[in-house]
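Q:
Protein chains: 2
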Amino acid sequence: MTNGNDGLRFALAQIDTCVGDLDGNGEKVLEFTRRAVSDDATVIVFPEMTLTGYPIEDLAFRATFRNAAWDKANSLALRLKAEGLGQAFVIVGTVGTDDERRLPRNRMVVLHDGVVWAGYDKHFLPNYGVFDEFRIFTSGERSLVLDIDGFRIGVAICEDIWQDGGPVAELGRQDIDVLLTINGSPYEAGKGHVRHELGARRASELHAPLIYLNQVGGQDDLVFDGGSFVIGQDGKMLERSPQFVEDLSFWNLRHDADSQGMSTVVPELGTDEEMYRACVLGLGDYMRKNHFEGVCVGLSGGIDSALVATMAADACGGEHVWGISMPSRYSSQGSRDDARLLADNLGANYRTETIERVFDTFQEQLHLESVAEENIQARIRGVIVMSYSNSKGLLALAPGNKSELACGYSTIYGDAVGGYAPIKDLLKTKVWDLARWRNGYAEAHDEPVPIPVSSIEKAPSAELRPGQRDSDSLPEYALLDQVLEAYIELAHGRADLLADGFDERTVDTVMRLVDRAEWKRRQYPLGPKVTSLAFGRDRRLPVTNAFRE
Amino acid sequence: MTNGNDGLRFALAQIDTCVGDLDGNGEKVLEFTRRAVSDDATVIVFPEMTLTGYPIEDLAFRATFRNAAWDKANSLALRLKAEGLGQAFVIVGTVGTDDERRLPRNRMVVLHDGVVWAGYDKHFLPNYGVFDEFRIFTSGERSLVLDIDGFRIGVAICEDIWQDGGPVAELGRQDIDVLLTINGSPYEAGKGHVRHELGARRASELHAPLIYLNQVGGQDDLVFDGGSFVIGQDGKMLERSPQFVEDLSFWNLRHDADSQGMSTVVPELGTDEEMYRACVLGLGDYMRKNHFEGVCVGLSGGIDSALVATMAADACGGEHVWGISMPSRYSSQGSRDDARLLADNLGANYRTETIERVFDTFQEQLHLESVAEENIQARIRGVIVMSYSNSKGLLALAPGNKSELACGYSTIYGDAVGGYAPIKDLLKTKVWDLARWRNGYAEAHDEPVPIPVSSIEKAPSAELRPGQRDSDSLPEYALLDQVLEAYIELAHGRADLLADGFDERTVDTVMRLVDRAEWKRRQYPLGPKVTSLAFGRDRRLPVTNAFRE
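Heads up: the protein sequence lines correspond to chains A and B, in order. Residue numbers for the first sequence follow numbering that gives the first Met the number 0, beginning at 0 and rising by one. Residue numbers for the second sequence follow numbering that gives the first Met the number 0, beginning at 0 and rising by one.
1) Looking only at its own chain, which residues have a Cβ that is under 8 Å from the Cβ of B/LEU197, when we skip the five neighbours before and after it?
2) In the region 375 to 394 of chain B, which residues sit with their C-beta less than 8 Å from some C-beta in chain A, listed in chain order?
3) Skipping 5 residues on each side, what residues in its chain have a beta carbon closer than 7 Å to that of B/TYR476?
4) Quickly, what does DSSP pair B/TYR119 with across the bridge? List them, please.
5) Here's the rule I'm using: 16 or more other beta-carbon atoms within 10 Å means buried, otherwise exposed. How should A/ASP176 be labelled?
6) Please classify A/ARG8: does DSSP put it in a helix, a strand, or coil?
7) Which value, in whole angstroms, describes the spacing of the CA atoms of B/MET510 and B/LEU478?
8) Go ahead and label A/ARG515 buried or exposed: buried means 16 or more other beta carbons lie within 10 angstroms of its beta carbon, across all protein chains shown.
9) Compute every distance between the C-beta of B/LYS27 and the non-hydrogen atoms of the ligand MG, then say whether any falls below 6 Å.
10) Candidates A/SER470, A/GLY234, A/THR49: which alpha carbon is nearest A/CYS17's?
11) Mind checking if A/PHE361 is an interface residue toward chain C, Cβ cutoff 7 Å exclusive?
12) Mind checking the region 502 to 516 of chain A against chain B and listing, in chain order, the residues whose C-beta falls within less than 8 Å of any C-beta there?
13) Could you please give me the residues that DSSP links to A/THR505 through a beta bridge?
14) Anyone know if the C-beta pair for B/VAL307 and B/VAL320 falls short of 7 Å?
15) Taking the alpha carbon of A/GLY322 as the point to measure from, which residue in A/PRO398, A/ILE156, A/PHE361, A/LEU145 has its own alpha carbon closest?
16) Return the first residue and the last residue of the beta strand (DSSP E) that B/PHE31 is part of.
17) Indicate whether B/ASN400 and B/LEU425 have their beta-carbon atoms separated by less than 7 Å.
18) Less than 8 Å between the CB atoms is what I'm expecting for B/ILE43 and B/ILE90, so what's the real figure, rounded?
19) Output the boundary residues of the alpha helix (DSSP H) element that contains A/LEU367.
20) For A/LEU393, name the three-state secondary structure that DSSP assigns.
21) Using the rule of at least 16 other Cβ atoms within 10 Å of the residue's Cβ for burial, across every protein chain shown, is A/GLN86 buried or exposed?
22) Would you kindly check if the distance between the Cβ of A/LEU280 and the Cβ of A/ALA312 is under 7 Å?
23) Using a Cβ cut-off of 8 Å, pull out every chain B residue sitting near A/LEU298, in sequence order please.
24) Specify, as a first and last residue, the run of the beta strand (DSSP E) that B/GLN214 falls within.
25) Which one of A/LEU247, A/ASP163, A/GLU238, A/GLY283 has the shortest CA to CA distance from A/VAL265?
26) Does B/ALA371 get closer than 7 Å to chain A when you measure Cβ to Cβ?
27) Whole angstroms is fine: what's the gap from A/GLY300's alpha carbon to B/ARG435's?
28) Could you name the residues that DSSP lists as bridge partners for B/PHE249?
29) For my contact list, B/LYS71 and B/GLY113 are in at a C-beta cut-off of 8 Å; report their separation, rounded to the angstrom.
30) When burial is assigned at 16 or more other CB atoms within 10 Å of the CB, is B/LEU391 buried or exposed?
31) Could you tell me which of A/ASP174, A/LEU58, A/ALA199 sits nearest to B/TYR486, measuring between CA atoms?
32) Please list, in chain order, the residues of the region 183 to 199 of chain B that have any C-beta partner in chain A closer than 7 Å.
33) If you drop the 5 nearest sequence neighbours on each side, which residues of the same chain put their C-beta closer than 6 Å to that of A/VAL109?
34) Anyone know if the C-beta pair for B/ALA377 and B/ASP414 falls short of 7 Å?
35) Between the region 342 to 359 of chain A and the region 352 to 364 of chain B, can you find at least three pairs of beta-carbon atoms closer than 8 Å?
36) Please report the Cβ distance between B/GLY52 and B/ILE181, rounded to the nearest whole angstrom; I am assuming they are in contact, meaning their Cβ atoms lie under 8 Å.
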């Protein structure tokens with residue numbers, strides 16, 4: 000290990016872990032540590048809850064799991080030493096147990112010289128948005144400063160730097176040389192800048208550079224984007240790792256604050272590219288971690304299924320994508336042509352399963368009309384998609400976007416069928432943006448353009464009755480998406496929305512649609528809880544709710 | 000109002016509120032207060048979060064909603080006075096706003112003489128099981144003692160008495176005459192005794208009787224059972240209200256601790272009756288509060304759908320129940336006869352929709368085999384059930400029980416279809432218990448026995464292939480349910496289960512089934528979160544989870 004003039008060499012091991020996979024995550028720590036040490040690093044930093052994966056939710060309450068994680072940390076320390084890596088300081092996250100109350104902790108441990116050499120427990124436990132940590136963990140009470148090769152390294156875990164006070168404030172009185180943080184910070188559009196600003200502020204307060212090591216990878220509906228960085232106390236970016244891929248970067252800490260090491264600073268991505276890559280990584284990791292090798296998706300010729308199939312081809316290769324065209328009497332020839340063209344562009348498997356005969360057979364028996372007649376077409380398609388899923392072991396993809404899901408403009412057990420919905424969090428206008436971005440990317444790289452232009456340009460239609468248009472039932476998407484953003488994301492009430500300048504009719508339409516769609520978004524049935532633990536009670540808004548603004 | 004010799008007269012208004020229905024809940028407060036005052040009560044006690052309903056989840060974050068609730072409390076106080084009820088002390092729960100931080104509070108207010116006369120904010124915010132209050136509310140800091148007609152009344156809200164310390168401990172130093180608590184305590188089998196013991200302990204500690212006023216009614220998947228009570232400092236039950244119905248009872252507080260008033264003490268229900276009534280109330284309230292007048296359910300002739308249809312008939316009347324028999328080539332004649340007999344017994348609407356022609360049409364096109372062939376039968380039935388739901392505006396009921404849902408022994412988008420699952424939280428052995436109890440109840444009351452005996456006694460089968468039995472795929476239910484109880488409810492790990500005396504093969508089978516069923520229980524598709532607020536991310540266990548004990 001070479002320090003001396005170069006100061007202390009850190010390796011930023013931005014890895015993709017899997018929840019519950021103690022063995023696999025441990026192997027990955029070993030592999031990255033080998034590479035880091037061979038590049039002369041002394042301190043190797045891994046993300047929050049490295050060994051367990053993150054977030055572990057109620058797994059934390061299983062004593063068996065906590066014991067297995069503890070065993071893994073110890074055996075890993077021994078194995079590192081046995082491989083001649085004992086002199087490195089390997090910083091990993093894991094689950095711990097509160098000594099007094101036997102409750103779970105969100106813990107950082109330092110593996111060194113064959114033992115768990117030091118430990119630190121997360122103090123601030125986020126309890127908002129996607130986070131439920133206060134429910135699961137108890138808080139650590141102590142700050143920690145590591146003394147390595149004459150450098151004083153303060154440590155913190157994720158939320159500890161987002162809140163004022165606590166252990167980071169305490170570190171401000173400890174004259175540290177660097178603040179090392181390990182994180183599991185999920186991707187959100189624009190969050191990179193927020194992290195950078197926060198990092199710069201803490202570095203300035205503590206008069207020390209800050210290392211921000213973030214997890215990368217998809218875990219259920221969260222995507223961690225990586226983008227780890229080191230920022231100086233003057234706000235200068237000293238290192239930035241790429242987003243959406245595993246990475247091993249290096250940075251040297253020096254005693255002289257004015258001449259800190261500079262390392263590779265990867266340029267930032269544009270918003271559309273960032274979102275697109277987030278969706279692809281989320282889908283790809285969900286497949287890999289749940290052992291799916293391929294996907295099936297209904298191809299309508301419309302923009303939503305076209306974008307979903309393209310993302311899938313980018314995630315697992317076109318040859319693992321099964322596109323199923325399921326035309327009816329209401330499907331235009333243009334739609335069928337677009338579906339086939341898309342599949343050809345992607346190199347995907349393509350099948351046509353007309354729904355006409357089954358639809359006629361159902362109707363001879365049931366004689367359905369209006370919405371019931373529309374829904375049964377979508378449900379026949381749902382049955383066909385699931386039959387491909389069952390027969391071939393494919394992950395069924397639901398092509399719904401956030402605008403239609405928010406408004407309940409989809410058929411439960413119909414087009415909403417699937418195990419994963421790659422664009423469920425993209426408003427419709429953003430779906431168009433990403434489709435255009437993806438085609439533009441292909442053009443710029445001299446690759447075949449995947450998405451047929453007519454899928455992007457034609458007026459959206461569910462094609463469940465003659466001449467149907469989305470705009471028969473919904474405001475135009477350009478307007479709808481603005482109202483949804485204000486009503487859902489900003490929690491504006493009716494009076495706020497009118498003050499925002501939206502007209503009364505649109506506001507009332509959108510509010511009514513969104514309020515009534517709550518039960519549709521919950522596609523598992525509700526039911527009473529009569530014993531101590533029921534399955535799947537988990538939502539944020541009551542389904543039964545009579546409040547009208 | 001007559002106090003004097005009778006002391007202070009309390010009315011226990013155990014009402015059924017609806018989340019978000021500020022007007023409806025306010026009207027109910029008015030109506031019960033009129034009745035209480037006409038029976039000479041001075042203090043009228045309503046449940047936790049009376050005006051808003053409970054639990055309100057993220058509605059708490061909408062300032063519009065909090066403002067409307069505040070207006071409702073004030074206008075209600077004025078209206079009470081205008082009606083000549085201003086001298087009563089009306090104690091209701093509502094949502095408040097923390098003055099400093101503008102965050103939501105779980106608040107009790109006293110309406111008196113036309114104004115909001117006093118207020119108290121809940122201190123301990125439960126953050127486990129079905130409760131997420133710490134996420135939503137901030138804690139109150141002060142205890143409150145009301146002085147009414149010379150009596151000192153300490154107050155608390157629900158969790159405040161479940162935790163040691165806090166405002167209730169403070170009340171112990173205040174020489175109070177009674178502890179008045181308002182609650183939203185969901186039903187769990189056996190919880191009544193736990194509440195009584197807790198009440199007796201607090202009454203003893205505070206040297207004062209305790210009033211426990213609980214909400215009644217269903218709210219999504221929670222059922223509140225009422226069962227309000229007053230318990231003396233010597234542990235003697237002084238009043239107990241019935242469970243599962245709205246109720247107005249009275250109790251007089253006297254200065255002489257040794258001669259506290261006695262009132263009606265309703266006898267406790269047996270466990271099976273309690274569970275049955277919980278399920279019926281949950282379903283009935285879900286229908287009423289979401290404006291469904293009838294239900295549809297597939298009738299297989301088996302015990303699960305038979306119990307569900309019987310509960311539905313008890314909840315809304317047999318004439319509002321649509322039972323659909325959907326036989327295939329694999330359905331036995333006995334099953335068809337049992338389905339028809341059940342519908343006749345219940346006075347339900349009965350339809351037969353054979354699935355044969357649609358199944359054949361699908362198969363001519365798709366040529367499915369094995370599990371895919373089994374699943375498509377269940378999914379055709381799901382489409383038919385939903386077509387009745389759509390055509391007639393009926394709530395579709397999913398008949399799954401907890402044993403099969405836990406093991407994934409059901410078809411997603413097939414028999415799992417529905418908006419409400421009345422027995423989703425009952426293990427299979429408990430399904431049989433409740434069916435026998437319901438038939439026995441009918442016999443004891445000289446009513447027609449609803450459930451055919453052969454539905455109870457025959458071996459369970461999904462009838463999706465010739466001669467199929469549940470026991471081909473699952474351990475016998477008597478054994479399976481014991482393992483499920485230990486693995487899920489008690490969180491026993493593999494070693495614990497073996498130590499419990501279960502054999503290794505059974506343990507490994509059940510653990511594998513339960514671990515793999517997680518994604519099935521989440522019937523909405525997952526998808527990546529790319530903006531600040533995604534829909535429906537809310538679960539307790541990760542779907543992606545590689546941990547194996």
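Positions of the beta carbon are idealized from the N, C-alpha and C atoms, including for glycine. Because the structure is a prediction, the values reported are computed rather than measured.
A: According to the data block:
1) ILE160, TRP161
2) ILE375, ARG378, ILE379, GLY381, VAL382, ILE383, MET385, SER386, ASN389, SER390
3) If we look at B/TYR476 and ignore the five residues flanking it on each side, its Cβ neighbours are SER402, LYS427, THR428.
4) B/MET107
5) Looking at its Cβ environment, which holds 16 or more other Cβ atoms inside 10 Å, A/ASP176 is buried.
6) strand
7) 13 Å
8) exposed
9) Judged by which ligands are present, the structure shown has none, so any question about the ligand MG falls away.
10) A/THR49
11) Within the model displayed, chain C is absent; protein chains A and B are what it includes.
12) none
13) According to DSSP, A/THR505 bridges with nothing at all.
14) no
15) A/PRO398
16) That residue, B/PHE31, is in no beta strand (DSSP E); its alpha helix (DSSP H) goes 21 to 37.
17) yes
18) 7 Å
19) Neither: A/LEU367 is in no alpha helix (DSSP H) and is coded neither H nor E.
20) coil
21) Exposed, since its Cβ has fewer than 16 Cβ neighbours within 10 Å.
22) no
23) Neighbours of A/LEU298 on chain B: none; closest Cβ ~17 Å, over 8 Å.
24) From DSSP, B/GLN214 is part of no beta strand (DSSP E); its letter is neither H nor E.
25) Of the listed residues, the one whose Cα sits closest to A/VAL265 is A/GLU238.
26) yes
27) Take the alpha-carbon of A/GLY300 and the one of B/ARG435: they are about 54 Å apart.
28) B/ALA10
29) 15 Å between Cβ atoms; not a contact.
30) One point to set straight first is that residue 391 of chain B is Lys, not Leu, in the sequence displayed. Under this definition B/LYS391 is an exposed residue.
31) A/LEU58
32) Answer in chain order: PRO185, TYR186, GLU187, ALA188.
33) For A/VAL109, same chain residues with a beta-carbon under 6 Å away, outside a window of 5 residues either side, are PHE88, ILE90, TRP116, ALA117 in chain order.
34) yes
35) yes
36) B/GLY52 to B/ILE181, Cβ: 14 Å. No contact.
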